[in-house]
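> Pasting a structure below so you can have a look.
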Amino acid sequence: MCNGVKECADSSDEHLHCPGYSEALITQGNCSNTEFQCQSGQCISSDGVCDGTSNCDDESDEQQRICSLIFCPSFSFRCSYGACIGGYSKCDGVVDCRDGSDEDELLCGKPFPVTTPRIVSTSTTTSTTTTTPAPEIGPEGSCQVPPKPSNGRIVLDETAQNISINSGEYIENFNSVFVICDDKYTIKGVATIICLDGIWLDPFPICERYCSEIPINGITVQPTCEYQRKQITCKRPLPPSTKARIDCKIGYQKPAGPINETLTCTDGGWDSSVFRCEPVCGTPTPDAEAYIIGGKNASIAEIPWHAGIYRNLENDTRDDLKSDDWDYICGGTILTERLVVSAAHCFWDVTTFHDVRSFVITVGKYRRGLNTIETLPAQVLRVRELITQPQYQDFSGYYNLDISIIVLSDFIVFKSYVRPICLERNLRTESEKRIKPNSLGRVAGWGLTTSGGELSPNLKVVDIGTVDYYTCRDFSPVSYRPFLTGDKFCAGDPKTGTSVCQGDSGGGFALGRDISGETVYFLYGVVSSAPRSASGSCDNNKYVAFTEVQNYIPMILDAESRFPVI
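If you count the sequence shown from 1, position 511 lands on 511 in the UniProt record's numbering, and the numbers rise without skipping.
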């Protein structure tokens, strides 16, 4: 296709829409989109326009006003009035151009006239005769190639950009050259310049350094670009003087303090740094039905920070997200677009951790089944890395240090029903860091709905209060007390049986706080362990131990610095 040889029966492979032809010159009128309308109204195939032979009865398809502006591929020959014929037809003894220019004597054998050397007088007392080389003269109507632009080059064919033309060479009449800019530079002006009767129709362009589109595009920001008072895409390198207005994507807000919202491309760079929008965290979407054991079905928009963890131990099917081998095992909480926090024991395998390829994380999910159809689309993400405490020993270590940070292979896209939770990153005193007794926190999950029952098919949420350490210890079986390690706090309501159970592990304990009249939730705990009942299930009449997140803020900050969000 577009190689100069008509291989299709209808010649459609060499239609004038091939690269290099000017579509705008093919007058369609009342003809079809593959035809040309002659001045008389006659319709002919667009392949017959400017092909050296008159196909219109009035010969309007071979006029210079049309043919002079149509580009001829490098393998062809351009007739004097602009038509294109096969390059092999030049000087073959057969007139193929309507004006006979392909068999012109000057072109096909008659030498160009030679200029006579000049005599230059170099002294008033002594005459010396010297000859200077005759200036190079190109074919009649040809154009001389000027010096190449800085940071660019001139080529004969835009499809062969590695073949440059030297300054001073001549380009035949009706032919074109192209200006190609070096990497990180862009054209200012017309890139294709046509030679017509010894004159270049347009001035040669210059190469200006462009600005990278990468700094103004990111997970948190939404740019709008304007160039010469017209809106242009921000997804490609941008020319000098482009203005980029930076807004926040859905689910984000502008940071406090002075920021520059409009950037200008100057000398290959932006005149100021792009600010990072901050995620809207810890805020449920209103009008979600509230209220695990003792809990009620919850809209995902009420706890948009909740994540689900699924495991597949079958090597043959873990690459297939549609496989029935994926089982829900734990909950988690969204920290950032790349990080989810959960319990370390969710990933433990007897003496070490499972391969991270055996897990996927879901967000924005209401129904427990991985492939269950949702009202709102959920996101499923692979795990890149698991960050845990090196000394973690699971059950043999009494679930001390029971926290993990899941690094995702891709970014979570925040929506009204998918948001991160807020986190207190700068508390200084131990009194500030420790959660207070009688604090009412929110926990969500797909765990057992009754002690010894089955996993909930739908997401549930429950509000439970915290108790002090001594109350928790005294109310716990003696055999369970060693599990109340120094990094834990307790919550639950033994009187009503409102608690969490198997399947809720790893979920977050979110504590609401009034900020400017709005309840904003902060992460304070991760579901870790609870005493078992006589049947081996969870005992909803006992308190549950949560890993206190404030003990691991340095671990979280380190993960955030290693996996930043643009």
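From the three backbone atoms N, C-alpha and C, an ideal C-beta is built for every residue, glycine too.
In the DSSP assignment, find the unbroken alpha helix (DSSP H) run with Cys67 in it and report its ends.
It spans 64 to 67 - the alpha helix (DSSP H) in which Cys67 sits, taken as one unbroken run.
> To the nearest angstrom, report how far apart Asn438 and Ser272 are at their CA atoms.
48 Å
> Looking at the structure shown, is Pro437 part of a helix, part of a strand, or coil, going by DSSP?
coil
> Measure the alpha-carbon distance for Thr131 versus Glu103 and round it to whole angstroms.
No answer about Thr131 holds up, because its pLDDT of 46 lies below 50 and its placement is not dependable.
> From the DSSP output, in three-state form, read off Thr262 for me.
strand
> With distances taken from CA atoms, which of Ile406, Arg338, Tyr398 is nearest Ser358?
Ile406
> Just curious, the beta strand (DSSP E) that Tyr469 is in, first and last residue?
It is not in any beta strand (DSSP E) - Tyr469 instead sits in the alpha helix (DSSP H) that spans 469 to 475.
> Check whether the Cβ atoms of Phe347 and Leu386 sit closer than 8 Å, and answer yes or no.
yes
> Is it true that the CB of Arg442 sits closer than 8 Å to the CB of Leu557?
no
> Can we say the region 467 to 487 touches the region 306 to 313, given the rule of at least three CB pairs closer than 8 Å?
no
> Does the Cβ-Cβ distance between Tyr227 and Thr242 come in under 8 Å?
yes
> Measure the CB-CB distance between Thr192 and Glu208 and report whether it falls below 8 Å.
no
> For Gly282 and Ile421, which I take to be in contact (beta-carbon distance under 8 Å), what is that distance rounded to the nearest angstrom?
5 Å
> If I'm right that Lys542 touches Pro494 with Cβ under 8 Å, what's the distance once you round it to whole angstroms?
6 Å
> Quick check: the Cα distance between Gly141 and Leu196, rounded to an integer number of angstroms?
Looking at the two C-alpha atoms, the distance is approximately 7 Å.
> In terms of residues, what are the limits of the alpha helix (DSSP H) holding Glu518?
Glu518 -> not in any alpha helix (DSSP H); beta strand (DSSP E) instead, spanning 518 to 529.
> Buried or exposed for Val462, going by 16 or more other Cβ atoms inside 10 Å?
buried
> Cα-Cα, which of Val341, Lys415, Tyr480, Ile154 is closest to Phe395?
Tyr480
> If you count every other CB in all the chains shown that lies within 10 Å of the CB of Arg98, and 16 or more means buried, which is it?
buried
> Is Val95 helix, strand or coil by DSSP?
DSSP, read as helix, strand or coil, puts Val95 in coil.
> Name the DSSP bridge partner or partners of Phe275?
Answer is none; Phe275 lacks a bridge partner.
> With C-beta atoms as the reference, is Val190 less than 8 Å away from Val145?
Not closer than 8 Å, so no.
> Whose C-beta lies closer than 6 Å to the C-beta of Val95 among residues of the same chain, with five residues either side of it excluded?
Glu103
> Alpha carbon to alpha carbon, how far is Ala530 from Ala343?
13 Å
> Any idea if Glu35 is buried or exposed, counting beta-carbon neighbours within 10 angstroms, 16 or more meaning buried?
buried
> Could you compute how far the alpha carbon of Asp202 sits from the alpha carbon of Val49?
25 Å
> So Leu107 is in the alpha helix (DSSP H); what residue range does that whole segment cover?
105 to 108
> In this structure, what does DSSP give as the bridge partners for Pro223?
Ile246
> Since Ile556 is in the alpha helix (DSSP H), which residue starts that stretch and which ends it?
553 to 562 is the span of the alpha helix (DSSP H), which, as asked, contains Ile556.
> Measure the beta-carbon distance from Ile300 to Leu459 and round it to whole angstroms, keeping in mind my assumption that it falls under 8 Å.
6 Å
> I'd like the list of long-range same chain contacts for Gly512, defined as Cβ closer than 6 Å, with 5 residues on each side in sequence excluded.
Only Thr519, Tyr521 meet the Cβ criterion.
> Quick one: give me the first and last residue of the beta strand (DSSP E) that Thr388 is part of.
379 to 388
> Assign Arg78 to one of three DSSP states: helix, strand, or coil.
Here Arg78 sits in strand by DSSP.
> In the DSSP output, which residue or residues are listed as bridge partners for Tyr399?
Its beta-bridge partners do not exist; DSSP assigns none.
> Quick one: grab the DSSP three-state call for Ile300.
helix
> Measuring CA to CA, which of Ile154, Ala510, Arg368 is closest to Glu169?
With distances taken between Cα atoms, Glu169 lies closest to Ile154.
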